[in-house]
């Protein structure tokens, strides 16, 4: 049985984290052909919902958010659940005209934008708590960039990580991945308007 990846896109905009509502269905199936008859294996069908806003947050303020994973009632169990987070940082001058117009309305940039070079805002967004259901999974990650805490950049470097321990995801079961994140209290105005684009890739097998 092949695995299927489910991708959620997250936008982190300067001191603002905006995650739009998503409801995604995915499945994998195996098909065998024998003497002209077609046999289709039962599918593993995972639904994910994710909706929250983390707006106008000053440095040092934390907020907890969740990703809900639902294994449909007519599905089969998933023995392994993996999480992969990929992050791409964008400096404000990379904005499109529409994005820059929105930022002007929000008062976070001037009409011409700025050009400060490559941003590293993902290194300043700390992940202070991370759980799969009731299990701590933050300890599955390490401080790879050496700034004394786990941040989005560390999660980006970690690649795919198994997060469900030995817990199976049974049909009709709901699981949660909970995050608590904050913008480093020592971050400065130089990050205002910068953003990181984060893909959360959940793989069930």
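In full-length UniProt numbering, the protein residues as written are 1 to 205. Each residue gets a CB set at the ideal place from its N, CA and C atoms; glycine is no exception.
- Between which two residues does the beta strand (DSSP E) carrying residue 62 extend? 62–71
- For residue 39, does the count of other Cβ atoms within 10 angstroms reach 16, so buried, or fall short, so exposed? Only weak support exists for where residue 39 lies, its pLDDT of 49 falling under 50; the value from the coordinates is given anyway. Answer is exposed; the Cβ neighbour count stays below 16.
- Item | CA-to-CA distance, residue 72 to residue 148, given in whole angstroms | 40 angstroms
- Item | residue 225 burial status per 10 Å Cβ neighbour count (16 or more: buried) | An answer regarding residue 225 cannot be provided, because it is not within the stretch 1 to 205 covered by the chain.
- Through-space distance from residue 77 to residue 62, alpha-carbon basis: 34 angstroms
- Assign residue 123 to one of two classes, buried (16 or more other C-beta atoms within 10 Å of its C-beta) or exposed (fewer than that). buried
- Query: Tell me the DSSP bridge mates of residue 129?
  - Reply: 180
- Message: Going by beta-carbon coordinates alone, are residue 135 and residue 81 separated by less than 7 angstroms?
- Response: no
- Return the first residue and the last residue of the alpha helix (DSSP H) that residue 78 is part of. Counting along the chain, residue 78 falls outside any alpha helix (DSSP H), and DSSP gives it neither H nor E.
- Item | Which listed residue (138, 153, 65, 171) has its alpha carbon closest to that of residue 120 | 153
- Beta-carbon proximity list for residue 159, same chain, < 7 angstroms, skipping 5 on both sides: 84
- Query: In angstroms, rounded to a whole number, what distance separates the CA positions of residue 17 and residue 183?
  - Reply: Model confidence at residue 17 stands at a pLDDT of 33, short of 50, so the residue's coordinates are unreliable; what they give is reported in the following sentence. Roughly 10 angstroms separates the two Cα atoms.
- Smallest Cα separation from residue 151: which of 66, 198, 70, 204? 198
- Task: Apply the 10 Å Cβ neighbour rule to residue 174 and answer buried if 16 or more other Cβ atoms are within range, or exposed otherwise.
- Result: exposed
- Which runs of the alpha helix (DSSP H) fall wholly inside the stretch 133–159 and span at least 4 residues, in chain order? 152–158
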